[in-house]
Each structure stands twice: as structure tokens, then as C-alpha cells.
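The structure appears below as C-alpha cells.
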Amino acid sequence: MHLRITLTLLILSIVSINQTLSAQTKAKVEILHANTGEQRANLGPNVQLLLGNVKLKHENTIMHCDSAYLHNYQDSTFIEAFHHIHIIQNDSIHLFGDKLTYNTVEGIARVRENVKIEKQDITVLTEFLDYDRIKNFGYYFNGGEVLSGQNTLISDWGYYYPDVSEVHFKDSVVVHNPRYTIFSDTLKYHTVTEVATILGPTFIHSDNNLIYSENGHYDTMNDKAHLLKGENQSYVQGSENLLKGDTIYYDRQKGLGEAFSNFELHDTTNNLIITGDYGYYNELSEYALATKRAQLLQIYQNDTLFLHADTLQAIPLPQEESKLVKAYYNVKFFRTDMQGRCDSMVYDFRDSTNTFYNSPVIWAQENQMTAQTIKLFSRNNELYKAELINSAFIISPEGDSLLFNQIKGRNMVGHIKNNEIYRIDVDGNGQTVYYPKDEDIVIGVNRAESSNLSIFLSEKQITGIKLRTEPAGNLNPPYLLPAEDVRLQGFIWLEKIRPKNKLDIFKHVEMPKMDEYTKVYDDYQFGDTEN
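When the letters of the sequence shown are read in order and numbered with the working numbering, they come out as residues 21 to 551.
Dropping the structure here:
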């Protein structure tokens, strides 16, 4: 037992001696050159004063200065150096300044006044810098700037990591570039690729637009951005457009932006917003595309049109300084005073015309309009005319009954004022069925035919019909007409598929069959007509 204890103590002593020798070796500072060297009594027995062209070496670090004090202790050396300080770390990093303190054990060089770090791809300028020689990184804490390529980066705090070619900036970060200026709270910058990583609220200003993001990357060399959602969405704002999304890829030089998830494109000139789960925008040509729950919002003074389609396009007409908006496949829209469905739609900003294609159906208050093609004309954001082209049909219910006023013809033009139809002109194969009333009681059914006819309305009631060519018609008691005569051929009431609110435009509802809404005449009890 005594032998084992003695052997253990001997091993521990050897380890302790080796650690002491290692510390002494690590702490050793070599004096490579000095014009003069002194040891003054008033400085203490362990202090050396070196003057003139001083050159020191500690491990893989070389230091030049005008003068230095070396405080030599048993396990360390403390250096104070002054004027024209030049530290060379690993033959690649050059650190300059006017004042230095350095402890060989701690390994941190504290450099003050006119401080500069130079490496092949970067220059750091500040008045206060601490450089950890062991971990090989430096940081300033009282303001500094970094020069890299065409970029000048300024911040209150900065951390430089040469091993990974990165600088981390914190507080009041500004990046100056001839093409733009970046303002940020927190930013990481790669000195080789010149890519800035956005880690906090960041604005990128240029002559053409403003970029905002809280998370993502900006390639300062190639002007490309990959922007991600933070607490708020990223966006790119131009003079007339605003692009938003949870994820945005943006190429400033080409003017191209792609957005994924919650894409929004605001056209502030035309009061339009296009949304979707995917969107594409070319700010140079002003072409835009949206898919995946694509939606168009057209903002009027007192209302908003909500329109959904499989795909939306905004197509510029540069020669006329205008554009088209195309919506195609499964188009549905909602506005408080008008709703509709169709296969595809085109809105022409040149004359404020909406054209609905492939058997559209449009509801305007109590009126249901169908045709092969429907055109709506606006002036000062108000409808003033509707054209129904080929197989035109207008239906409106008579109060809460199962009776329907009907107008049918080859083509129709509806004249609108204050959002109400006041006259309808029918061109070709005109037919009508309507129910005149006396003191709100239906007194009969009027069925008339004429190649061309006009219908006049007031307060949503038919006040007169003018049969222009080959007229034929009569007024009958409603119970004398068979059921098929109170429904014009092709009649179908489509209220079931009418969007009731802005969310209904995203619901898929099958078109009902022709006979689904056919009602027999006897289902309705009329008022007393025997007198």
C-alpha cells in the first residue's frame, strides 16, 4: 500500500512539472529586435522597456511597435505597446493600432486608437477592438466599420471570425453600397461571398424599391434576395406595386420576384390586390401571375370585389400604358351588389370592361343573367352597361313566390344607373314572361314575343315593354297557363350556386342539372283573380 501511494504521488508530481513547463513555454515571449532595451529600477525588477523598431514573437504571432513594456512573471508575460502597432496572426491577418495590452495566458490583444484589421477580403476599422488570439476572432464594441468589396458596413458592435470569413453585426447596422443602403438591427456577413444574412428587422433601400425582411439572405454582389417570414412578412415595395409573401426570391437586376405562401401583389395605381399561395412578378414588364387559391381584390370607393380562379395573370400593354387582368378556370366572384361564376374572365383597364366567357352566370341583386359571353362596362368605378351575347337570359323572382320574371333573346344590352337596371334592349328572338301586379297582388302572367324589344324598369319592377318587330303576346290569368308556358325554354334558377359571401368563392359547387329547379305551376297559390 505504501508503495502504491508513493508511485501515485510521483506520477502526479511529473504531471504537475510538465504542466508548469508547458505554461512557461506558452508564456514565453521572444524579443526578435529592439534598438534599445532597459530595465529601470522605478519600473520594477521584472519589467523590460524596449525602444525603437520593436519586434516580438509569441507562438505564431509577430508584433511590431515603437515601444513596449514587458512585465515578466513566472507563468505569464504582460505586454504594453505603443505607436505603429502591427500584429501579424498566422501570416494572414494584420492588426494595426496605437495602443495595445496583451496577456500571454489570456491570449486577448486589446488594441485602441486608429485600429485596423486587414485580411485579403476585408478591412475592419474602429477605435476599440479586442482580439482573441487563441479562438482567433476579434470584436469591437463602441462603433466600427467593415470594408468589403463595394460594401461599407457600420454598426455599434461587430464580431469578426476570420476562420469562417464572417462578421456579425449588432445594433444600428448600416450597409452602404453604390446601388442600395441596408438598415438593420442584426446582420451576419460573409466576407468571401458578400452574402448578408438577415437576423432581425431589415430595410434595403434603392432608387427603384424598398425591401423589408426579418429573416433571410441578401447577395450583395449579385443583388439577389431570399427572404423568409419572421414575426412579419417580407415585402418588396416599388413606386406603384407591393410584393409580399412568407418566402420571396427576388432578383433586383432582372426585376423578378417569386413568392410562396400568402403571396400578395398590391397595384396601388389601379386599386388591385392579387393573392395566392404562389405568385410571380416582373417589376420591369409589370407582368404578374398567381396560382393556388389565387384571388383578385378590386377595391372600389364603397365596396370590394373578391374574385377567385385557378390562375390569375396581369398582362401589361406598354404601348398603351395599360394592362389586362386574366382569370381562367373555375372563376367565381363576390361583391355585395353582384356575384358571378364563369370559366374565364378578362378585365381591360383601357375601357374598364369585364368580359366573362363560357356560359357565365351573374347575379345583380335580384337579377340572374346568363349568356355565352357577358360584358360589364364601368365608368368612374360604377357599372353603366351590361352586354349579354348569344343565348342571353335574365331571370328575377317575383317577390317571395315561385314565380319568375324572364327575358330571353339572342343578345341583350342592360342599361344601369345607380347599380340598378332601368332598361333592357333585346336583339333577336326576344321573349318575355312577367307578372303584372295591382297593389302588390299578381293579376296575371304576360307572355310576349318579338324579334326586338325593350323592357323598362323602375325600382326593380317592370313598368313597360315595347315590342319592336313582329310582336305577339297576351295577358292571361296565371292559373290558365300550363306549367311549361310560364318557363321559357332553357330556364334554370341557379341561386343554389350563388356565392353568398367572400369565402364562398373558394367553395367548389357543381352546376345543377337543368330540371333540378323546374317547379310546377300549381305549387303557388295566387291572389283572388275571379273578379
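Note that the Cβ used here is the ideal one computed from N, Cα and C, for glycine as well.
Alpha carbon of residue i to alpha carbon of residue j, nearest angstrom
| i | j | result |
| --- | --- | --- |
| TYR298 | SER185 | 35 Å |
| VAL256 | PRO336 | 19 Å |
| THR201 | GLY117 | 29 Å |
| PRO519 | LEU304 | 36 Å |
| VAL131 | GLN333 | 59 Å |
| GLN39 | TYR232 | Residue placement at GLN39 is poorly supported in this model, since its pLDDT is 43, which falls under 50; the coordinates still yield a value, given next. Each residue's Cα considered, the two are about 55 Å apart. |
| PHE397 | ASP371 | 8 Å |
| ASP505 | PHE511 | 11 Å |
| GLY250 | GLU234 | 5 Å |
| ARG313 | PHE353 | 13 Å |
| GLU138 | GLU278 | 38 Å |
| ALA61 | LYS48 | 23 Å |
| PRO380 | CYS362 | 4 Å |
| ARG153 | ALA101 | 16 Å |
| THR331 | PHE369 | 19 Å |
| ASN73 | HIS225 | 48 Å |
| SER471 | LEU487 | 8 Å |
| ASN322 | GLU402 | 11 Å |
| ALA245 | GLN318 | 29 Å |
Cβ-based burial, residue i [other Cβ within 10 Å; buried from 16]
| i | result |
| --- | --- |
| GLU284 | buried |
| VAL446 | buried |
| LYS437 | exposed |
| MET241 | exposed |
| LEU219 | buried |
| MET21 | Any reading at MET21 needs caution, since the residue's pLDDT is 44, under 50, leaving its predicted position unreliable; the model's value is listed next. That one is exposed. |
| VAL465 | buried |
| VAL572 | Coverage of the chain is limited to positions 21 through 551, which leaves residue 572 absent and any answer about it impossible. |
| GLY64 | exposed |
| ASN521 | exposed |
| GLN359 | buried |
| PHE98 | buried |
| SER112 | exposed |
| LYS428 | buried |
| GLU349 | Looking at the sequence provided, one finds Tyr at residue 349 rather than Glu. So TYR349 counts as exposed. |
| ARG399 | exposed |
| THR295 | buried |
| TYR93 | exposed |
| TYR12 | Outside the shown range of the chain, which is 21 to 551, sits residue 12, and nothing can be said about it. |
| SER478 | exposed |
| ASN66 | exposed |
| ILE525 | buried |
| ARG272 | buried |
Cut-off 6 Å between Cβ atoms - residues of its own chain near residue i, not counting five sequence neighbours on either side
| i | result |
| --- | --- |
| THR211 | ASP141, ILE142, SER168, SER185 |
| MET531 | none |
| ASP176 | GLY163, ASP191, SER192 |
| ASP183 | ASN156 |
| SER411 | ALA391, GLN392 |
| ASP239 | VAL215 |
| GLY434 | ALA406, ILE441, ILE444 |
| LEU52 | LYS75, LYS77 |
| GLN253 | LYS264 |
| ASN439 | ASP357 |
| THR217 | LYS208, HIS237 |
| GLU552 | What the structure shows of the chain is the stretch from 21 to 551, and residue 552 is not part of that stretch, so it cannot be assessed. |
| THR222 | SER204, SER233 |
| ARG355 | ASP323, LEU325 |
Rounded distance between the beta-carbons of residue j and residue i, thought under 8 Å
| i | j | result |
| --- | --- | --- |
| ASN425 | TYR455 | 6 Å |
| GLN59 | THR81 | The Cβ separation is near 24 Å, so there is no contact. |
| ALA384 | SER364 | About 20 Å; that fails the 8 Å criterion. |
| ILE174 | TYR151 | Contact doesn't hold; Cβ gap of about 20 Å is too wide. |
| ASP86 | HIS104 | 5 Å |
| GLY258 | ASN228 | 7 Å |
| LEU327 | LEU316 | 4 Å |
| ILE414 | ASN431 | With a Cβ gap of about 12 Å, ILE414 and ASN431 do not count as contacting. |
Beta-ladder partner(s) of residue i, from DSSP
| i | result |
| --- | --- |
| ILE154 | ILE154 pairs with nothing; no bridge assigned. |
| ARG10 | This structure cannot settle anything about residue 10, because the visible part of the chain is limited to 21 through 551. |
| TYR238 | ALA216, ALA245 |
| LEU52 | In the DSSP output, where bridge partners are listed per residue, LEU52 has none listed. |
| GLN392 | In DSSP, GLN392 forms no bridge with anything. |
| LYS139 | ILE142 |
| ARG272 | None, per the DSSP bridge assignment. |
| MET531 | Note: MET531 sits in no beta bridge, so no partner. |
Cutoff 8 Å; reference residue i; Cβ partners in own chain excluding five residues on either side
| i | result |
| --- | --- |
| LEU262 | TYR255, VAL256, GLU284, LEU285, HIS286, THR288 |
| ASN134 | PHE116, GLY117, ASP118, GLU147 |
Beta-carbon proximity list for residue i, same chain, < 7 Å, skipping 5 on both sides
| i | result |
| --- | --- |
| ILE485 | THR452, ALA468, LEU473, ILE475 |
| LEU508 | GLN426, LYS428, GLN451, VAL453 |
| PHE161 | PHE148, TRP177 |
| SER96 | ALA47, ASN123, THR124, VAL125 |
Proximity test, Cβ basis, 8 Å: residue i and chain D
| i | result |
| --- | --- |
| THR375 | Among the chains in the structure shown there is no chain D, since it carries only a single protein chain. |
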